[in-house]
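Student: This structure is in structure tokens; I'll ask about it shortly.
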Amino acid sequence: MALSTSQSISLSGVSTINGQQVATFSTVVSKGLSYTSVSTQITDQDLYEKNKADVRKDRNDFQSVADNLADSLDSSSVKSTEQTV
0 MALSTSQSIS LSGVSTINGQ QVATFSTVVS KGLSYTSVST QITDQDLYEK NKADVRKDRN
60 DFQSVADNLA DSLDSSSVKS TEQTV
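As structure tokens, then:
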């Protein structure tokens with residue numbers, strides 16, 4: 000019998016314009032993944048249409064945070080474990 004573990008972190012973010020929520024972002028970051036997919040949910044279509052550039056910047060910033068987190072997992076001292084019983 001062998002136990003293998005892996006580490007993943009759920010990350011979420013909110014894009015707001017003048018205190019109003021426009022979009023949410025989410026992803027799960029796992030050690031060893033070369034790409035992290037970000038899910039975007041537009042919560043206020045009209046506000047999004049008027050502020051696309053700002054919301055897209057927030058999305059890109061969120062992607063950078065996710066990428067940095069993934070890189071830190073890959074370089075961290077936390078290792079998967081495997082035990083043979």
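Under numbering that gives the first Met the number 0, the letters of the sequence shown match residues 0 to 84, in that order. Every residue, glycine too, gets a C-beta built ideally from N, C-alpha and C.
(1) Spatial neighbours of V37 within its chain, please: CB distance less than 8 angstroms, with the 5 preceding and 5 following residues excluded, ordered by chain position.
(2) Does the beta-carbon of L46 have 16 or more other beta-carbons within 10 angstroms, so that it is buried, or is it exposed?
(3) On the premise that L72 lies in contact with Q6, defined as a C-beta separation below 8 angstroms, what is that separation, rounded to the nearest angstrom?
(4) What is the residue span of the beta strand (DSSP E) that Q20 lies within?
(5) Look at the alpha carbon of I16 and the alpha carbon of V28, and state the distance between them as a whole number of angstroms.
(6) With DSSP as the reference, label L32 as helix, strand or coil.
(7) Looking only at its own chain, which residues have a Cβ that is under 6 angstroms from the Cβ of G12, when we skip the five neighbours before and after it?
Tutor: Taking the geometry as given:
(1) F24, S25, T26, R58, F61, Q62 and A65
(2) buried
(3) 6 angstroms
(4) Q19 to S29
(5) 26 angstroms
(6) coil
(7) F24 and F61
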